[in-house]
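**Student:** Following full-length UniProt numbering, the numbering of the sequence shown begins with 1 at its first residue and continues without gaps. Positions of the beta carbon are idealized from the N, C-alpha and C atoms, including for glycine. Just so you know, these numbers come straight off a predicted model, no measurement behind them.
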Amino acid sequence: ALPGHLLRGLLPLLTVFHLERAEGAARRAGLSTQPIWRKLWDDVMKTRPPNLESVTCWRKKFLETFFSNVLHGVLDVSSDWRLNDRDFSPLLHSSPHVSQLTLCNMLQGAVELTAEHNRRVLENLAGSLRTLKFQHLLSSDRSIRRSLVLLLHRLIHHGSVSQVSMYSWPVPDTVLLVLILSMSAGFWRSGNALVYHSSPCGLCREEDEAQSLESAQEQAERGRCNEHEQSSENQKGSPRAPEEAGAEKNGYRADARLSCVHSEPRRPPRNQACKEASSDVPCDHTSTRGGSRHVPDQLSCQPVLRKTRRRLKSAVGKKRRCLGRSGAPCADPEDLYDFVFTVAREDNSGLLNKNSVTEGENVENWTSSSPGSPCTGHAGCKRRGGSAGIFSLKAARRFRSVSTLELFSIPLTGEMCRTLSNLLSSWVSLESLVLSYNGLGANISCILSGLQALSCRSDCRLRVVRLSDVFSHVLCLELVRRILSAFPQLHTLSVSFDLKNQLEGNRPEGNPSCSEAEIPESCLEQLEIRFPREPLHTVFLLPVLKASKSLQQLSLDSATLPNSQELGLLLEALRECNPNLKKLSFHDVNLAEHQKEVLLLLQDPVLQEITFSFCRLFESSTAAFLSEIINTVKRNSSLKSLKLPGNRLGNHRLVALADVFSEDSSSSLCQLDVSSNCIKPDGLLEFTKKLEGHIQRRGGQIPFTHLRLFQNWLDQDAETAQEALRRLKAVCSVVNDSWDSSQAFADYISVM
1 ALPGHLLRGL LPLLTVFHLE RAEGAARRAG LSTQPIWRKL WDDVMKTRPP
51 NLESVTCWRK KFLETFFSNV LHGVLDVSSD WRLNDRDFSP LLHSSPHVSQ
101 LTLCNMLQGA VELTAEHNRR VLENLAGSLR TLKFQHLLSS DRSIRRSLVL
151 LLHRLIHHGS VSQVSMYSWP VPDTVLLVLI LSMSAGFWRS GNALVYHSSP
201 CGLCREEDEA QSLESAQEQA ERGRCNEHEQ SSENQKGSPR APEEAGAEKN
251 GYRADARLSC VHSEPRRPPR NQACKEASSD VPCDHTSTRG GSRHVPDQLS
301 CQPVLRKTRR RLKSAVGKKR RCLGRSGAPC ADPEDLYDFV FTVAREDNSG
351 LLNKNSVTEG ENVENWTSSS PGSPCTGHAG CKRRGGSAGI FSLKAARRFR
401 SVSTLELFSI PLTGEMCRTL SNLLSSWVSL ESLVLSYNGL GANISCILSG
451 LQALSCRSDC RLRVVRLSDV FSHVLCLELV RRILSAFPQL HTLSVSFDLK
501 NQLEGNRPEG NPSCSEAEIP ESCLEQLEIR FPREPLHTVF LLPVLKASKS
551 LQQLSLDSAT LPNSQELGLL LEALRECNPN LKKLSFHDVN LAEHQKEVLL
601 LLQDPVLQEI TFSFCRLFES STAAFLSEII NTVKRNSSLK SLKLPGNRLG
651 NHRLVALADV FSEDSSSSLC QLDVSSNCIK PDGLLEFTKK LEGHIQRRGG
701 QIPFTHLRLF QNWLDQDAET AQEALRRLKA VCSVVNDSWD SSQAFADYIS
751 VM
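(1) Can you tell me where the alpha helix (DSSP H) with H694 in it begins and where it stops?
(2) Rank L499, S455, A126, R21 by C-alpha distance to the C-alpha of L475 and give the top, closest one.
(3) Using a 10 Å radius around the Cβ and a threshold of 16 neighbouring Cβ atoms, would you call A658 buried or exposed?
(4) Looking at C-alpha atoms only, which residue of C678, L639, N677 is the closest neighbour of F704?
(5) Any chance you could list the beta strand (DSSP E) runs of at least 3 consecutive residues sitting entirely within the stretch 586 to 669, in chain order?
(6) So the alpha helix (DSSP H) L423 belongs to, where does it begin and stop?
(7) Between the alpha carbons of G699 and F687, how many angstroms are there, rounded?
(8) Please report the straight-line C-alpha distance between Q211 and N226, rounded to a whole angstrom.
(9) Who pairs with K133 in a beta bridge, going by DSSP?
(10) When the Cα of L435 is compared with those of R154, I447, V121, which residue comes out closest?
(11) Would you check if the distance between the CB atom of L602 and the CB atom of N636 is smaller than 8 Å?
(12) With DSSP run on the structure shown, which of helix, strand or coil describes I519?
(13) Give the straight-line distance between the Cα atoms of V171 and V164, rounded to the nearest whole angstrom.
(14) Just list the beta strand (DSSP E) runs in the stretch 513 to 572, keeping only unbroken ones of 3 residues or longer that don't cross its boundaries, in chain order.
(15) Using the beta-carbon count (16 or more within 10 Å), is V735 buried or exposed?
(16) Measure the alpha-carbon distance for E23 versus T33 and round it to whole angstroms.
(17) Starting from the Cα of residue 758, find the closest Cα among I702, Q696, L725 and give me that residue.
(18) So, for I630: in the same chain, excluding its five sequence neighbours on each side, which residues have a beta-carbon less than 8 Å away from its beta-carbon?
(19) Residue range of the beta strand (DSSP E) that R727 falls in?
(20) Excluding five sequence neighbours on each side, which residues of the same chain lie with their C-beta closer than 7 Å to the C-beta of I36?
(21) Would you mind stating whether I144 and L107 have Cβ atoms separated by less than 8 Å?
(22) I'd like to confirm the pairing. Which residues does DSSP put opposite L584 in its beta bridges?
(23) Any idea what DSSP makes of L467, helix, strand or coil?
(24) Ignoring anything shorter than 4 residues, give me the alpha helix (DSSP H) runs that lie fully in the stretch 426 to 470, in order along the chain.
(25) Taking contact to mean at least 3 C-beta pairs separated by less than 8 Å, is the stretch 620 to 627 in contact with the stretch 553 to 570?
(26) Can you say whether G127 is buried or exposed, counting buried as having 16 or more other CB atoms within 10 angstroms of its CB?
(27) Excluding five sequence neighbours on each side, which residues of the same chain lie with their C-beta closer than 8 Å to the C-beta of Q489?
(28) With distances taken from CA atoms, which of S548, L551, R530, N84 is nearest D557?
(29) Output the distance between the C-alpha atoms of N647 and V606, rounded to the nearest integer angstrom.
(30) Use the C-beta contact count for A453: other C-beta atoms within 10 angstroms, 16 or more gives buried, fewer gives exposed.
(31) Counting Cβ pairs closer than 8 Å, one from the stretch 399 to 407 and one from the stretch 421 to 436, do we hit at least three?
(32) Does V74 pass the burial test, meaning 16 or more other C-beta atoms within 10 Å, or should it be called exposed?
(33) Can you name, in chain order, every residue of its own chain whose Cβ lies under 8 Å from the Cβ of D588, other than the five neighbours on each side?
(34) Check R27 in the structure and name its three-state DSSP category.
(35) For W427 versus S449, is the C-beta distance shorter than 8 Å?
(36) Grab me the residues of E214's own chain with a C-beta within less than 8 Å of its C-beta, minus the 5 sequence neighbours each way, in chain order.
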């Protein structure tokens, strides 16, 4: 309980351990430790943190990065006296502040975190960690995968991780990828030894004990009910049917006699895998009897009451078959269970091949007719057969699952796409799905099939889908139409492609069916489309706009306008179909010859944010066009944000833009982005002086709050640039960077 002035002088002299312990006392004294943590970052990390402007707590930022650096062995705690404290355990004391963790390469971090001496560290992470990332992974052996299983089971199934992201895996180890995906979806197969330090998972054991207690209570209730029934019947002296008497003699009661039991039949322990994990021999719940597969009680779709319904036991041991609508046998749940969760054996290729299937299973059935696979009958899947219909994974045991899945630069084969499709079909907790540069090609149909199956679930939560790749297999607008038709519940949809399909002969430029096909009304609020230099035909986009009455954000990137009327048609369609549109963005769309439409957009009374990014606005314009833009923005009181990066404003146009805030302006513009516009220090200083004059004449009040200046030529005169920035920061928040303009000068000259 030191006085505030003494505490203020003491804080900078504390080690990290004691500074962390003094945080509460400093807060009570009204002191901020943020400057001290920021200095620690500069002294220890010696790097500029990414997204510097978004750092809100330097204490958390430092401790989270510190944890990661120590875990991966890139930071020596003896390098700084503030870290070298005998009472300070680097991983243990920093782990409660870690909300995001990245595991790399050979997953050394997973091995370290699941070691016995880091048990408390893992417990802390289970409560604090929200995002788990994998980057640049390599193939792993069985012991490393075992450590990863322990980590994922604790952090996802019994923890707080809600997002799993994987980055940059050019040649993915299929075994490892399936393992991460399936456990992220909340599944784990019973044949894997899920051992935590030679004992079953404690949390799973507690759940199983609770389930056993519940089962015992249910059985006791049934016994009391049966005794009550027998007593009542004996008192009445009612005759008993011979078959009923025989049934009771054999140990079960007819269903009618069990109607008084309102509780559900006994469920199998969901976490049986943890109990069996203590054995060194992998346990499999399937066995072979007379050449047929045995499905035990706990994996059957209809759990039976033991002891009271013995007659049904004989049916459980047989592989049940039924006929679907097509007359083909229905899927057995155990087959799908193995399809999704079978982990390949150790081999050099790492592929899911015949040798990686569980012994006794037919590889053709495993790969081509995987029961329950949502993708059946699609040309893109390249499947030779398959069971009809979609099987729900209700029969499989399930743990907690994540709500966000992101895969960046990870090639997905057809086999992996089918596995992912199976997982997606019942992944009801999933809220956001991002598939970026996965080389899907024709397998996009398989992913869409899984999403369509998921959309039929009443408890489905998926609202965000983002797909991006190098080549587009279908026209962008056709893909958007198919996704929205399959999943009208989406709130955000982003489709992005860099290049057209290499097989141009198989892909027509226009598809008349796009304009004719109706799309069910959707909940879409945000739509982003990046065209691979495809023509933007409003007639093809119109069905999407009509179905998206709630659309608030629209972004169109890298599209070509086939004629001078196309943009006008688009604006007319937006006014008619999407009256709630608040944000409109054009990126890399040549608008040099569409000045009239640009002015119409700036006049729109509903739009609050407009982006013209690298749209060549002033390529062939006159000074009159700039004056019209300024006057239009001055009269628009609804526009809050105007983004003009990459439009060659230069110094003189930037200075002119300051008139938007003149004393006769009714503009509410608060954000202006003039990044990548060849602005020099003297032009920025002149803009600042003019802005200061307008502020003074308006009595010190203007709505302007944010200015973005990335990638401008401010390095050409550092002194003038610093003066301009210093004066600007007294007016608004300024975001800029240290950019070497000399490297980009040649690029600028080439497009002059």
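**Tutor:** Quick look at the numbers:
(1) Taking the sequence shown and counting its residues from 1, one reaches residue 694 at position 694. 681 to 697 is the span of the alpha helix (DSSP H), which, as asked, contains H694.
(2) Here residue 475 refers to the residue found at position 475 when the sequence shown is read from its first residue. With distances taken between Cα atoms, L475 lies closest to L499.
(3) Indexing the sequence shown from 1 puts residue 658 at position 658. A buried status is given to A658, since no fewer than 16 other beta-carbon atoms sit within 10 Å of its beta-carbon.
(4) Taking the sequence shown and counting its residues from 1, one reaches residue 704 at position 704. Per the Cα distances, L639.
(5) 609 to 613, 641 to 643
(6) Taking the sequence shown and counting its residues from 1, the one referred to as residue 423 is at position 423. Where L423 is concerned, the enclosing alpha helix (DSSP H) stretches over 414 to 424.
(7) Position 699 of the sequence shown, counting from 1, holds the residue named residue 699. Position 687 of the sequence shown, counting from 1, holds the residue named residue 687. Roughly 19 Å between the two C-alpha positions.
(8) Sequence index remark: in the sequence shown, residue 211 carries index 211 (1-based). Sequence index remark: in the sequence shown, residue 226 carries index 226 (1-based). Each residue's Cα considered, the two are about 22 Å apart.
(9) Working through the sequence shown from its first residue, we reach residue 133 at position 133. In the DSSP output, where bridge partners are listed per residue, K133 has T102, S165.
(10) Here residue 435 corresponds to residue number 435 of the sequence shown, with the count starting at 1. Of the candidates R154, I447, V121, the one whose C-alpha sits nearest the C-alpha of L435 is I447.
(11) Along the sequence shown, read from residue 1 onward, the residue named residue 602 stands at position 602. Along the sequence shown, read from residue 1 onward, the residue named residue 636 stands at position 636. Yes.
(12) Position 519 of the sequence shown, counting from 1, holds the residue named residue 519. It is coil, neither helix nor strand.
(13) Here residue 171 refers to the residue found at position 171 when the sequence shown is read from its first residue. Here residue 164 refers to the residue found at position 164 when the sequence shown is read from its first residue. One C-alpha to the other measures close to 19 Å.
(14) 526 to 530, 553 to 557
(15) Your numbering for residue 735 matches position 735 in the sequence shown. With fewer than 16 Cβ atoms within 10 Å of its Cβ, V735 is classed as exposed.
(16) Here residue 23 refers to the residue found at position 23 when the sequence shown is read from its first residue. Here residue 33 refers to the residue found at position 33 when the sequence shown is read from its first residue. C-alpha separation (whole angstroms): 7 Å.
(17) Because the chain here runs from 1 to 752, residue 758 falls outside it and cannot be looked at.
(18) Here residue 630 refers to the residue found at position 630 when the sequence shown is read from its first residue. Closer than 8 Å at Cβ, skipping near neighbours: A656, L657, D659, V660.
(19) Working through the sequence shown from its first residue, we reach residue 727 at position 727. Element bounds for R727: not the beta strand (DSSP E) but the alpha helix (DSSP H), 718 to 729.
(20) Within the sequence shown, residue 36 is the residue found at index 36, counting from 1. Only L11, P12, L19 meet the Cβ criterion.
(21) The count along the sequence shown starts at 1 and reaches residue 144 at position 144. The count along the sequence shown starts at 1 and reaches residue 107 at position 107. Yes, these two residues count as a Cβ contact at 8 Å.
(22) Your numbering for residue 584 matches position 584 in the sequence shown. L584 pairs with L554, I610.
(23) Translated into the one-based positions of the sequence shown, residue 467 becomes position 467. L467 falls in the strand class under three-state DSSP.
(24) If we require 4 residues or more, the alpha helix (DSSP H) runs fully inside the stretch 426 to 470 come out as 444 to 455.
(25) no
(26) Working through the sequence shown from its first residue, we reach residue 127 at position 127. Exposed.
(27) Reading the sequence shown from its first residue, position 489 is the one you call residue 489. Taken in chain order, the residues that qualify are S455, C460, L462, R463, S522, C523.
(28) Numbered from its first residue, the sequence shown carries residue 557 at position 557. Per the Cα distances, R530.
(29) As a first step, residue 647 is located in the sequence shown; it is residue number 647 there, counting from the start. As a first step, residue 606 is located in the sequence shown; it is residue number 606 there, counting from the start. About 24 Å.
(30) The residue labelled residue 453 in the question sits at position 453 within the sequence shown. When all chains shown are included, A453 counts as buried.
(31) yes
(32) Your numbering for residue 74 matches position 74 in the sequence shown. Exposed, because fewer than 16 other Cβ atoms sit within 10 Å of the Cβ of V74.
(33) Within the sequence shown, numbered from 1, the residue matching residue 588 stands at position 588. Result list for D588: D557, S558, S613, F614, C615, in chain order.
(34) Residue numbering aside, residue 27 sits at position 27 when the sequence shown is read from its first letter. Helix at R27.
(35) As a working mapping, residue 427 is identified with position 427 in the sequence shown. As a working mapping, residue 449 is identified with position 449 in the sequence shown. S449 is positioned such that its CB atom lies no closer than 8 Å to that of W427.
(36) If you number the sequence shown from 1, residue 214 lands on position 214. Once the five neighbours on either side are set aside, E214 has no close Cβ partner at all.
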